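Student:
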Amino acid sequence: MNRAFDAFLWGLAVIAAGLFAAIAVVIAINVALRNLGLPVLYGALDAIQYTIMAATFMAAPWVLAQDAHVKVDLVTAGLPDGGRRLLGRITALIGAVTAAVLGWYGTLALWSSITRGAVIRTSFTLPEWITLVFLPLCMGLCAVVFLRRFWRPVDSQPSQSGL
Numbered sequence: 505m506n507r508a509f510d511a512f513l514w515g516l517a518v519i520a521a522g523l524f525a526a527i528a529v530v531i532a533i534n535v536a537l538r539n540l541g542l543p544v545l546y547g548a549l550d551a552i553q554y555t556i557m558a559a560t561f562m563a564a565p566w567v568l569a570q571d572a573h574v575k576v577d578l579v580t581a582g583l584p585d586g587g588r589r590l591l592g593r594i595t596a597l598i599g600a601v602t603a604a605v606l607g608w609y610g611t612l613a614l615w616s617s618i619t620r621g622a623v624i625r626t627s628f629t630l631p632e633w634i635t636l637v638f639l640p641l642c643m644g645l646c647a648v649v650f651l652r653r654f655w656r657p658v659d660s661q662p663s664q665s666g667l
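Be aware that the sequence shown starts at 505, since it is given in my numbering, and climbs by one per residue.
#1: What's the C-alpha gap between residue 508 and residue 566?
#2: Mind checking whether residue 651 and residue 569 have CB atoms under 8 Å apart?
#3: Taking only three categories from DSSP, how would you classify residue 518?
#4: Out of curiosity, what's the CA-to-CA distance linking residue 522 and residue 532?
#5: Return the bridge partner residues of residue 556 from the DSSP annotation.
#6: Can at least three beta-carbon pairs, one atom from the segment 628 to 645 and one from the segment 604 to 612, be found at a separation below 8 Å?
#7: What are the start and end residues of the alpha helix (DSSP H) that includes residue 625?
#8: With a CB to CB cut of under 7 Å and the five nearest residues on each side skipped, what residues in its chain are close to residue 603?
Shown next as structure tokens:
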């Protein structure tokens, strides 16, 4: 089960990386077109905005599972191993509850958007739910990662920072 879950998170991260790469390419193309005095790609800015949001949510559970997120360990670095473990479990529980609540409200927003048939009209028209679908899914995954960290805390050693 853990392998399948981790593989799913990795798959989402790979998709997110591909989306970020596509964003970079589209931005470069738009800059080149603008500098050549040609019309830019229609709707690129709107597409980039929604893609950044989706890719960020898709990558978040994997980044969290890898413990590769930004951490401020000013307090925890001075704690003994037991204190670091306890604080790690407390913060994991807070993170799980926070992610679950965000996921729940994201689900409510998604359901509301679907039932109302809401659409977004910018450069193009698309159903609003497409922009909301990643929030409940990825916050649910983050909640699971936090719960895994609560039950099986990661290494209690202080972070090795370059500062």
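Glycine residues also receive a C-beta, built at the ideal position from the N, C-alpha and C atoms. Quantities reported herein were computed from a predicted structural model and do not represent experimental measurements.
Tutor: In this structure, then:
#1: Looking at the two C-alpha atoms, the distance is approximately 13 Å.
#2: Annotated as distal: residue 651 and residue 569, with beta-carbon spacing of 8 Å or more.
#3: In the structure shown, residue 518 falls within a helical segment according to DSSP collapsed to helix, strand and coil.
#4: Straight-line spacing of the CA atoms in residue 522 and residue 532 works out to 15 Å.
#5: According to DSSP, which records beta bridges pairwise, residue 556 is partnered with nothing at all.
#6: Three or more beta-carbon pairs drawn from the segment 628 to 645 and the segment 604 to 612 are found closer than 8 Å, and the two stretches are therefore classed as touching.
#7: Not the alpha helix (DSSP H): residue 625 falls in the beta strand (DSSP E), residues 623 to 625.
#8: 643, 646, 647 and 650, listed in sequence order.
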